[in-house]
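Scroll down for the structure; my scribbles are underneath it.
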Amino acid sequence: MDILAIQALATSAPSTMSAGESPANNPAEVARVRQPPTSAERAAMKKAATEFESFFLYYMLKTMRQAVPKGKLLDSKVGETYLGMLDQEVANQAAKQGGFGLAKSIERQFYPPLSGISSFPPAPPIKSTEEEGP
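Okay, so the sequence shown: first residue is 51 according to the numbering used here, each after it adds one.
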């Protein structure tokens, strides 16, 4: 999974913000967030979401296989290795072909439709409790 690509997208905050400033109060950051994602950002998210779904399916297959009584045919270290590789490849192929739709759901959570986003009023600034006196 390409976690570093997702982390880079999530932590790309502008350097003009001070340590205590909220990104929600920075008009430049709000404008950047409202812009549709670039094709590179969408591709990175799609790849990461598909890899996550593949891992989820692999773990599910592995767990299901552990719940079934073992047969004599593949009851060895070589057989376990083979079945692990088989489960991984089945999970990869299933995720690439749509799987359970988990990857698409993850993508929708990160990049919802932007049609109605401007209809919400901006949030009021958050007042720090440290600024208030006794």
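The beta carbon of each residue, even a glycine, is placed where N, CA and C say it ideally should be.
Under the three-state DSSP convention, the category residue i falls into
i, result
"P175", "coil"
"V80", "helix"
"P73", "helix"
"S126", "coil"
"T88", "coil"
"K120", "coil"
Residue i, buried or exposed, once every other Cβ within 10 Å from all chains shown has been counted against 16
i, result
"E227", "This structure does not reach residue 227, given that the chain is present from 51 up to 184, and the question cannot be answered."
"L136", "exposed"
"Y108", "buried"
"A117", "exposed"
"T100", "buried"
Cβ neighbours of residue i in the same chain (closer than 7 Å, five flanking residues each side left out)
i, result
"L111", "D137, V140, A141"
"S72", "I176"
"A173", "A74"
Same chain, Cβ closer than 8 Å to residue i, five either side skipped, listed in chain order
i, result
"G129", "L123"
Contact belief for residue i with residue j at Cβ below 8 Å, rounded distance in angstroms
i, j, result
"M114", "E157", "26 Å between Cβ atoms; not a contact."
"A209", "A153", "In the structure as shown, the chain begins at 51 and stops at 184. Residue 209 is therefore absent and cannot be evaluated."
- Just list the alpha helix (DSSP H) runs in the segment 128-162, keeping only unbroken ones of 4 residues or longer that don't cross its boundaries, in chain order. 152-160
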